Amino acid sequence: MSGTMPGDGDGTRAVRAGLPEPVKHEPTLPGPVFAAHYHLPGDPTGPYTYGRDENPTWTLLERAIGELEAPGQDGTETLVFASGMAAISSVLFSQLRSGDAVVLPDDGYQALPLLRTQLEEYGIEVRTAPTGGDAQLDVLDGARLLWIETPSNPGLDVCDVRRLAEAAHARGALVAVDNTLATPLGQRPLELGADFAVASGTKQLTGHGDILLGYVTGRDAQAMAAVRRWRKIAGAIPGPMEAWLAHRSIATLHLRVERQNATALALARALRERPEVTGLRYPGLPEDPAHKVAARQMRRYGCVVSFTLASREVADRFLAALRLVDDATSFGGVRSTAERRGRWGGDAVPEGFVRFSVGCEDPDDLVADVLRALDASAT
Ligand code: PLP
1 MSGTMPGDGD GTRAVRAGLP EPVKHEPTLP GPVFAAHYHL PGDPTGPYTY GRDENPTWTL
61 LERAIGELEA PGQDGTETLV FASGMAAISS VLFSQLRSGD AVVLPDDGYQ ALPLLRTQLE
121 EYGIEVRTAP TGGDAQLDVL DGARLLWIET PSNPGLDVCD VRRLAEAAHA RGALVAVDNT
181 LATPLGQRPL ELGADFAVAS GTKQLTGHGD ILLGYVTGRD AQAMAAVRRW RKIAGAIPGP
241 MEAWLAHRSI ATLHLRVERQ NATALALARA LRERPEVTGL RYPGLPEDPA HKVAARQMRR
301 YGCVVSFTLA SREVADRFLA ALRLVDDATS FGGVRSTAER RGRWGGDAVP EGFVRFSVGC
361 EDPDDLVADV LRALDASAT
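Next comes the structure, spelled out in structure tokens:
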């Protein structure tokens, strides 16, 4: 029953994703399988030989993520990793060779510049362009791989995945989309034409701020075989406990996403009324510069809102005054977090820029806390 479900809604899909066929006296979701090796007499054939190659707990999780990222698309494959960065690295380092060119966003997750350095040391040409305005189109000629992050973190710009994918494919380039911020319930990159959907499952996908995870879903068997080989070589594998917790958490993905994203919109609407807030971005706000493109390709707009306060000092006072929101990095968890992004360096953002991740608190409580903290932080 797991593959062909009687219901087709996102909530139904999330609670049933990846479940095995029912077996009398077995649990609905089998517990984590802790195994470095498996009984393997005779020829070493799969599916389960050695713990770095395969694990039954990963298999169910990979099936679950695949059912969300690419429902009804036969022939796709999903592989899970120890973190989002492990998943991203697996695509870049398995698909690119010395002499190739790759296009990255210049406003994406702040570890991308680290990747750039590593790729260049391996003789790969790295080109960058902003996410907004589909500017990556201008540097595509001759590239082997286009890397898209939409919405981008932390600026929340959006690009037209379908348009970029068509242009990249016309030039013979592969296309990967970082789907971390949207989650598969917010956006399905493979349906928009991408070859790979890649994400950090550390964020809203698992949503409790207690595990790191990454995944790659791809449509091309040969390309995915290279990604699988990279996982085996790098050994960047999730532990079975993390994989099981992730699968368990996906059952509530739809509930969390609905609540968090609705509150994010309510928060954005409240912030829009405040004169001390500038540079407000939320792709779900009708007047947001990204809304038109986002509305075409996204099914939900995410739980992250970003905005700028007058200065570093004002932003720090605001963060300190919040009672329901942890001053912490990362995003997507059930408890709201916010941070002054400039404290890390690396992102091209003003000193007073705040990235706010909306959790599952009561919307009225959260918005009231934010408005009170804004009052308290006024100069
Ligand atoms: N991609 C995006 C958009 C991210 O925001 C992050 C982490 O913040 C990553 C990838 C990396 O994920 P992880 O921390 O799980 O390695």
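Numbering-wise (UniProt numbering), the sequence shown opens with residue 1 and increments by one.
We treat Cβ as the ideally placed atom computed from N, Cα and C, and that holds for glycine.
Note that the structure is predicted; figures quoted are calculated from it, not measured.
For residue i, the three-state DSSP class (helix, strand or coil)
i           : result
Val325      : coil
Asp8        : coil
His39       : coil
Pro32       : coil
Ala176      : strand
Pro105      : strand
Val126      : strand
Ser2        : For Ser2, the pLDDT reaches just 40, beneath the cut-off of 50, and the residue's location in the model is therefore unreliable, leaving the point undetermined.
Ser249      : helix
residue 399 : Absent from the structure is residue 399, since the part of the chain shown begins at 1 and ends at 379.
Ala143      : coil
Leu285      : coil
Glu191      : coil
Arg171      : coil
Asn261      : helix
Ala223      : helix
Leu114      : helix
His208      : coil
Residue i - partner residues in DSSP beta bridges
i      : result
Ser330 : Ser330 pairs with nothing; no bridge assigned.
Thr76  : Note: Thr76 sits in no beta bridge, so no partner.
Trp344 : Paired residues: none, contrary to the question.
Ser200 : Gly214
Ile148 : Val177
Thr308 : Thr278 and Phe353
Glu339 : Arg355
Pro50  : Sequence inspection shows Tyr at residue 50; the Pro mentioned does not correspond to that position. For Tyr50, which the question treats as bridged, DSSP gives the partners His37.
Phe81  : Gly214
Nearest neighbour of residue i, chosen from the options [CA to CA]
i           : options                           : result
Ser83       : Gln118, Ser336 and Ala246         : Ala246
residue 416 : Glu361, Gly342 and Arg300         : Residue 416 lies beyond the residue range present for the chain, which begins at 1 and ends at 379; the question has no answer from this structure.
Arg299      : His254, Asp369, Glu21 and Arg248  : His254
Leu271      : Thr12, Gly239, Thr337 and Val305  : Val305
Gly142      : Tyr122, Asp160, Pro151 and Leu174 : Leu174
Val257      : Arg228, Met241 and Tyr301         : Tyr301
Gln95       : Gly108, Ala223, Leu212 and Thr45  : Ala223
Ile65       : Pro41, Ala310 and Gly201          : Gly201
Leu140      : Arg219, Ala101, Pro151 and Gly123 : Ala101
Gly333      : Pro189, Leu322, Phe356 and Ala111 : Phe356
Gly214      : Thr180, Pro189 and Arg188         : Thr180
Cys303      : Asn153, Gly123 and Gly11          : Asn153
Leu324      : Glu313, Arg296 and Gly359         : Gly359
Lys203      : Asp74, Thr337, Gln136 and Ile148  : Thr337
Phe21       : Arg63, Asp347 and Gly42           : It is worth fixing the name first, because residue 21 is Glu in this sequence and not Phe. Glu21 has its Cα closest to that of Arg63, out of Arg63, Asp347 and Gly42.
Leu61       : Gln73, Arg16, Asp74 and Asp43     : Arg16
Glu276      : Leu371, Arg248, Leu265 and Arg340 : Leu371
Thr263      : Gly346, Ala368, Ala234 and Arg248 : Ala368
residue 394 : Thr150, Phe331, Arg259 and Leu267 : Residue 394 is absent from the model: the chain starts at 1 and stops at 379.
Thr76       : Asp220, Gly342 and Asp347         : Asp220
Leu146      : Gln118, Ile88 and Asp157          : Ile88
Met85       : Ala199, Asn261, Arg340 and Ala328 : Ala199
Asn261      : Arg341, Leu366 and Asp347         : Leu366
Gly11       : Arg341, Ala295 and Thr252         : Thr252
Own chain, CB closer than 6 Å to residue i, minus 5 neighbours either side, in chain order
i      : result
Ser2   : With a pLDDT of only 40 at Ser2, under 50, the local geometry of the prediction cannot be trusted, and the value read off the model is given with reservation. Counting only Cβ-Cβ distances below 6 Å, and skipping sequence neighbours, we find Leu19.
Leu205 : Thr183
Pro32  : Thr57, Pro240, Met241 and Trp244
Asp107 : Pro130, Thr131, Ser152 and Gly155
Ala197 : Glu69, Val177, Asn179, Pro189, Leu190 and Thr217
Gly284 : Leu265 and Tyr301
Ala268 : Tyr282, Leu285 and Val305
Cβ of residue i within 7 Å of any chain C Cβ
i      : result
Pro240 : Looking at the structure shown, chain C is missing, and only one protein chain is on hand.
Same chain, Cβ closer than 7 Å to residue i, neighbours up to 5 away in sequence not counted
i      : result
Thr4   : For Thr4, the predicted model reports a pLDDT of 49, less than 50, meaning its position is unreliable; a value from the coordinates is still stated below. None.
Arg231 : Leu79, Phe81, Ser90 and Ile237
Asp53  : Lys232
Trp344 : Gln110
Val373 : In the sequence under discussion, the amino acid at residue 373 is Ala, which differs from the Val named in the question. The answer, listed in chain order, is Phe318, Ala321 and Leu322.
Ala165 : Val175, Leu192, Gly193 and Ala194
His208 : Ser249, Gly333 and Val334
Arg116 : Leu104 and Val126
Val161 : Ile148, Thr150, Val177, Pro189, Leu192, Gly193, Ala194 and Gln297
Own chain partners of residue i with C-beta closer than 8 Å, once the 5 adjacent residues on each side are dropped
i      : result
Asp364 : none
Gly279 : Ser306, Phe307, Thr308, Pro350 and Phe353
Ala226 : Ser94 and Gln95
Gly235 : Arg52
Any non-hydrogen atom of the ligand NAP within 6 Å of residue i CB
i      : result
Thr202 : Absent from the structure shown: the ligand NAP. Ligands present: the ligand PLP.
Tell me, please, whether the segment 365-379 touches the segment 315-329 by the rule of three or more beta-carbon pairs shorter than 8 Å.
-> The segment 365-379 is in contact with the segment 315-329.
Is the segment 170-187 close to the segment 66-74, with three or more CB pairs under 8 Å?
-> yes
Just checking, does the segment 42-49 make contact with the segment 19-30 on the three C-beta pairs under 8 Å criterion?
-> no
Sufficient close CB pairs (3 or more, under 8 Å) joining the segment 162-178 to the segment 281-291 | Because the criterion of three Cβ pairs below 8 Å is not met, the segment 162-178 and the segment 281-291 do not touch.
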